[in-house]
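Protein chains in written order, with this note's numbering: chain A, 79 to 354; chain B, 665 to 801; chain C, 9 to 374.
Where a beta carbon is used, it is the ideal one built from N, C-alpha and C, also for glycine.
Note that this is a predicted model, so its numbers are computed, not measured.
Take a look at the structure set out below.
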Amino acid sequence: MTNHLTRSLFILAAVLCVQITGSGISRADTMEPVCIQCHSKQPGRLGAPVADWRTSVHAANGISCNNCHGGDPSDFAMAMSPDRGFLGAPKDTAIPAFCGRCHVGVEKDYLGSAHGRALGRGGPQCVTCHGNHAVQLATPDLINEKSCTRCHSFERARIIKAAMADTDRQISDLERSLAQLKTTGVVTDQMDGDLFSVRNQFHRLFHSVEVDKVRSQTAAFQADLKKIRDKVDAIHAEQQRRKTWGAVVIGLLIGCGILFMLLFHAYKAELPDNDS
Amino acid sequence: METRRKFLTGILGALGAAIAGLTVYPVFKYLSPQATAGGKGRVTIPKNQVGVDQAHFFQFQGHPAVVLQKSPGVYIALSAVCTHLGCIVQWVPKKDEFLCPCHGGRYTIDGKVIAGPPPKPLPSIPVAMSGDNLLIG
Amino acid sequence: MGIFKKIGDFLDERLGIRDILEQNLTKYLLPKNINVWYTLGAVLLALFAVQVASGILLLVYYNPNTDDAFHSIQRIMNDVPYGWLIRTIHAVGANVIILALLLHMLSVLFMGSYKRPRELTWMAGFLLFLLSLAMCLTGYLLPWSQLSFWATTVATNSSREIPLIGDVVVRFLRGGAMVGQPTLGRFFALHVMGIPLILGILVLVHLFLVRRLGISRPPFGPDWQPSEPSTTFHHEEHPGGIPFFPHYMTKDAAMIAFFLALTVYVVFFAPGLFFPPASFQPANPFETPVGIKPEWYFLWAYQTLKIFPSEFLGLAVQGLAVTLLLFLPFLDRSRERRPKHRPLFVAGYCVGIAVFIGLSIWGHFS
């Protein structure tokens, strides 16, 4: 009851606020959803998600409030209306389905795993390890002693992490190589896509939390990575070859310059009146 | 002094030639036509695009070509490039012959020269059937 | 050798070609104390030739259309054999030209060569400098990258502060309210045809003036004295000087080789100097990249606009500086050219260079 009243008052204030500043229409046209205008000014639990989200991988990729929570990002009055598909914070047991709307493969592997089977009985769900609004790009660092020992010993986790480490390092190395190539004007779109796909498939694999499964499929992933690595290596070799030829041309040009200077002095020495 | 000058000029000539070569080669490669993907190989055309006594023009290995249904079930494919000066021949259904609009060269349905300046018949291309499709090439 | 002699005889009979060559090569004598700075004109001619050649080659594959411009550059850089080389040479060459132009102007200023009777030579040269900057500005847009788009947006926008007609000028430069296809169309036309045509003619005028008036003698050495003003045309002769050919031309050739070596060095070993990451991202009119800066030769102007309280004031100061330099020979009319005897000018010269470098560094780090 109190909650309902607060919400009504709040919407009224928001509408007034927009009408006074007259910025409502133009703001609605921009990319930022209306959610942020109100929530960013609120203290505590209702305001914190905005700052958290801004640091997240979701924000970096343009995934905004309404992409997960639904609602209408362009209309203050209806922003949180269930009629517009608004979902508030999901219950713990509903979280895998909530995230799984986009992260389909991960959800499937997770639900089949020991973690997923323990959902609702003290088992972890997505947010337990990844956090919610401040979610970052997943790395094996998420598998750490502090996090895992909240529920069980780190032993099994350590083994899985070790099994993933090499492949994951290769993925990170390739990501860096591709980013570097991009700064030299090489079109890497195809390789970016391939690598992104391998990375997602591989990270998905972890969610089964089965060492044997990770180990048995690692060879296939590494073969895919090798294909990308070979292409990158070929480009690097080509760039190196270019530099060699560049050095040759520079050497020839400087050689020409020096010879011309010598020739100039030879000519000058022959001038009849050489006193300068 | 003069021998010194000649010596210097000689080396300069050699270096200059090397630089010229290293300049001309990339420019030549830059301007050379590039191998286009799909330049070789067969072309698949659905049979229903080629009615009886109708001509269907298509690209075959980088050149215009034409496929016809001479009589029900009998197909023939020819290069559509006139052997005279390279214009594209037209199909004249009423006369059952090809006419080149540039200089009036005429060919039979099989590509043989009937009249006009073309020196050679139109090269023919093998046609095979595969279900509802024609495999040309 | 016979065939060449015959062709030479044929041309000589009809055109008097040997006389022309003699007068302009072996009998064209340069001052005895001529220095290395006098080679910069020849260096610039060579560098412009490289730009023309590489530019024509780029035109073969470039497509001046906002939908495809960026991809056509990507194809040149990645798919066309040696396209990366030609494109990088063109981009780096532009920067080396600006560097050589600045050195050329600085040496002419230091030696007072712009003074009477060479006012027109200076003005033609200064206009060549401005046109070269216009070439850089228009060429910058053509790859249609994030860098191109936003550099052009900011550069054209700075005209907005011109009183009364500012908005009209901006719209006219862009061919619309925002940078878009109309802007690309006009910049392309200017870059490949309009400006090069005027630039080429001005180069001929500049060279004609240099040749017609004779090379100015460097104001150094014990026997240099300011000459008496002449009221009639006078070609400056240098009896007993250095023949242009083969003597001085070898020095020209040496300097050309060194400048080309510098260009090739940057092309192969430091292309990132002129290609920040934003130059490899396609233009996105809805997202301004963070921290884009103009090219180094525009940083002084960029910083000037920032330090003045109003943009109009900044623009006015820039306009004043450019106008003063253009008409410098008419403002500085003394006959004295020896730096030692022009302390005030040399002081101003040093301060000017320091301000240019200071503003550029400030602009780079601000």
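A Cβ-Cβ contact shorter than 9 Å links Y256 (chain C) with I42 (chain C). Rounded to whole angstroms, the gap between the alpha carbons of L66 (chain C) and G149 (chain A) is 51 Å. The secondary-structure analysis by DSSP pairs F722 (chain B) across a beta bridge with B:A729. Boundaries for R179 (chain A): no alpha helix (DSSP H) harbours it, and the DSSP string shows neither H nor E there. Here L215 (chain A) really is in contact with V135 (chain A); their C-beta atoms are around 5 Å apart, less than 8 Å. In chain order, W92 place their CB closer than 8 Å to the CB of N86 (chain C), counting only its own chain and leaving out the 5 sequence neighbours on each side.
Taking 9 Å as the cut-off, the beta carbon of L217 (chain C) is found no closer than this to the beta carbon of L117 (chain C).
Here DSSP, grouped into helix, strand and coil, assigns L270 (chain C) to helix.
For T708 (chain B), the uninterrupted beta strand (DSSP E) run begins and ends at 707-710, by DSSP. Taking C-alpha positions only, A137 (chain A) is separated from T266 (chain A) by approximately 24 Å. In the pairwise beta carbon analysis, the region 665-678 of chain B is classified as touching the region 328-343 of chain A: at least three pairs are separated by under 8 Å.
Residue-level contact check: G299 (chain C) does not touch chain A, since none of the beta carbons of chain A fall below 9 Å from its beta carbon. Nearest Cα to T667 (chain B) within the set A:P218, A:A298, A:L341: A:L341.
Annotation for C358 (chain C): no residue places its beta carbon closer than 7 Å to its own, counting only its chain and skipping 5 residues before and after. A direct Cα-Cα distance of roughly 14 Å separates L48 (chain C) from S121 (chain C). When DSSP states are grouped into helix, strand and coil, W755 (chain B) belongs to the strand group.
Here L742 (chain B) is bridged, per DSSP, to B:V730, B:S788. Relative to the Cα of T227 (chain A), the nearest Cα in the group A:H211, A:V213, A:D244, A:C207 belongs to A:C207.
Sequence-ordered contacts of the region 37-62 of chain C with chain B read A61 [C-beta pairs closer than 9 Å].
The region 222-250 of chain A is shown to contain whole alpha helix (DSSP H) runs of 4 or more residues at 223-226, in chain order. C229 (chain A) sits exposed, since fewer than 16 C-beta atoms from the chains shown fall within 10 Å of its C-beta.
Of the candidates A:V289, A:I306, A:S294, A:H211, the residue whose Cα lies closest to the Cα of V276 (chain A) is A:I306.
Collapsing the DSSP output to three states places Y70 (chain C) in coil.
Here the region 204-211 of chain C lies against the region 129-147 of chain C, with 3 or more beta-carbon pairs under 8 Å apart. Bridge partners of E761 (chain B) according to DSSP: B:V756, B:T772. Taking C-beta separations shorter than 6 Å and ignoring five residues to either side along the sequence, the partners of V58 (chain C) in its chain run G101, following chain order.
When beta bridges are read from the DSSP output, S794 (chain B) appears opposite B:N797. By the Cβ-count criterion, I84 (chain C) is buried, with 16 or more other Cβ atoms from all chains shown falling within 10 Å of its own Cβ. Counting along the chain, the unbroken alpha helix (DSSP H) around V135 (chain A) starts and ends at 135-138. Here P251 (chain C) is near L37 (chain C), since their CB atoms are less than 9 Å apart. Residue environment: D75 (chain C) is assigned as exposed (fewer than 16 neighbouring CB atoms within 10 Å of its CB, all protein chains considered). Counting the other Cβ atoms within 10 Å of the Cβ of C144 (chain C) gives 16 or more, which makes it buried.
At least one beta carbon of chain B lies nearer than 9 Å to the beta carbon of E348 (chain A). For V310 (chain A), there are no C-beta contacts with chain B under 7 Å, since the nearest C-beta of that chain is about 23 Å from it. Counting along the chain, the unbroken beta strand (DSSP E) around V777 (chain B) starts and ends at 777-779. The continuous alpha helix (DSSP H) containing I84 (chain C) extends over residues 77-86.
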